[in-house]
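With positions in the sequence shown counted from 1, the corresponding number in this note's numbering is that position plus 81.
Note that CB positions come from ideal geometry on N, CA and C, so glycine has one too.
Single-structure report; data block below.
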Amino acid sequence: MQEETLTNTGLKAFLDGCPQLEHLDLRKCFEINLDKDLEKQCLERIKEFKHPNDSTVEYPYDIILSNLILTHHLMITHMITTTISR
């Protein structure tokens, strides 16, 4: 869910509509304001739960995205260098 515009209403819909939900990562979902009841419901029902403000240091997709950006930058640099060399 990272960086989505999920709100408390949407989160409640997930919880109500997905009774078998075991993993929920809300990191960077800053539109969610977990009140005590909603947080308690998440913690009781979901085995692996990440809060909106939890660290993303170990988030594998950040590494993948960084690598994609670097690869894209290198490709553009190579294209420019090749064009200038001609």
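{"query": "Simplified DSSP state of Phe130, which is helix, strand or coil", "result": "strand"}
{"query": "Counted within 10 angstroms of its Cβ, other Cβ atoms place Cys123 as buried (16 or more) or exposed", "result": "buried"}
{"query": "C-beta atoms of Glu120 and His132 nearer than 9 Å", "result": "yes"}
{"query": "Presumed contact (8 Å Cβ cut-off) between Asn134 and Asn114, rounded CB distance", "result": "With a Cβ gap of about 11 Å, Asn134 and Asn114 do not count as contacting."}
{"query": "Supposed close pair Arg108, Thr137 - CB separation, criterion 8 Å", "result": "5 Å"}
{"query": "Distance between beta carbons of Arg126 and Leu96, contact taken as under 8 Å", "result": "7 Å"}
{"query": "Three-state secondary structure assigned by DSSP to Leu115", "result": "coil"}
{"query": "Under 9 Å between C-beta atoms of Asp188 and Glu129", "result": "In this structure the chain extends from 82 to 167, so residue 188 is not present and cannot be described."}
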